[in-house]
Amino acid sequence: MSFTDLAKETGLSVSAVHQRVRRLERRGVIRGYAALVDYDEIGLPLTAFVSIKPIDPAAPDDAPERLSHLTAIEACHSVAGDESYILKVRVASPFALEELLQQIRASANVSTRTTVVLSTPYEHRTPMVEPDPGAEAGPQVSPGPGG
1 MSFTDLAKET
11 GLSVSAVHQR
21 VRRLERRGVI
31 RGYAALVDYD
41 EIGLPLTAFV
51 SIKPIDPAAP
61 DDAPERLSHL
71 TAIEACHSVA
81 GDESYILKVR
91 VASPFALEEL
101 LQQIRASANV
111 STRTTVVLST
121 PYEHRTPMVE
131 PDPGAEAGPQ
141 VSPGPGG
């Protein structure tokens with residue numbers, strides 16, 4: 001979204017939007033910018049979430065390091081619950097997913113539970129922080145269509 005578009009959405013001047021964005025970048029609130037990739041277009045139409053837990057609970061908790069070489073793993077989240085981590089993976093086909101699962105199990109000595117994504121109604125949304133009722137609230141920025 002351009003500074004002009006942000007200015008229109010927020011009712012601020014382009015200059016004010018530019019200053020606020022730069023301030024948020026300096027404070028580390030905005031940590032960078034990223035391209036939104038169409039994974040179908042690059043041949044990775046299948047997304048799945050793979051929950052993993054160690055086969056030996058006494059083994060070191062080093063699964064993220066053991067799996068870092070597997071480029072099909074887009075994200076690795078440490079979680080509370082029955083599993084230790086949930087991996088978001090993107091692959092070309094069910095066969096590629098099956099191969100990846102074998103690699104995950106062998107590399108990290110873990111068991112897996114897989115959920116295949118059928119569709120993604122939305123993704124990359126920025127949650128909005130509810131303003132503190134006692135605090136002075138500035139204008140709220142809506143993420144706009146799709147996000």
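So that you can map any letter, position 8 of the sequence shown is 8 in full-length UniProt numbering, and since no number is skipped, the others follow by simple counting. Beta carbons: idealized from backbone N, C-alpha and C, even for Gly. Note that the structure is a prediction, hence the values are computed from the model and not measured.
Determine the DSSP secondary structure at residue i, reduced to helix, strand or coil.
{"i": "E98", "result": "helix"}
{"i": "V116", "result": "strand"}
{"i": "T126", "result": "coil"}
{"i": "R31", "result": "coil"}
{"i": "S93", "result": "coil"}
{"i": "residue 171", "result": "Nothing in the structure corresponds to residue 171, since the chain is present only between 1 and 147."}
{"i": "A16", "result": "helix"}
{"i": "A106", "result": "helix"}
{"i": "L44", "result": "coil"}
{"i": "L70", "result": "coil"}
{"i": "P64", "result": "helix"}
Can you check whether the CB of residue j is closer than 8 Å to the CB of residue i?
{"i": "V37", "j": "I104", "result": "no"}
{"i": "A108", "j": "R66", "result": "yes"}
{"i": "P64", "j": "Y85", "result": "yes"}
{"i": "A106", "j": "R90", "result": "no"}
{"i": "G43", "j": "A75", "result": "no"}
{"i": "R113", "j": "E83", "result": "yes"}
{"i": "V110", "j": "P57", "result": "no"}
{"i": "L100", "j": "L70", "result": "yes"}
Run through the DSSP bridge pairs and tell me what residue i is partnered with.
{"i": "T4", "result": "BP columns for T4 are empty, so no partner."}
{"i": "T10", "result": "Answer is none; T10 lacks a bridge partner."}
{"i": "L87", "result": "V50, C76"}
{"i": "S111", "result": "K53"}
Taking the beta carbon of residue i as the centre, do at least 16 other beta carbons fall within 10 Å, making it buried, or is it exposed?
{"i": "L97", "result": "buried"}
{"i": "G52", "result": "The question names Gly, but residue 52 in the sequence shown is Ile. The residue is buried, with at least 16 neighbouring Cβ atoms inside 10 Å."}
{"i": "V29", "result": "exposed"}
{"i": "L118", "result": "exposed"}
{"i": "T47", "result": "buried"}
{"i": "V116", "result": "exposed"}
{"i": "L87", "result": "buried"}
{"i": "L24", "result": "exposed"}
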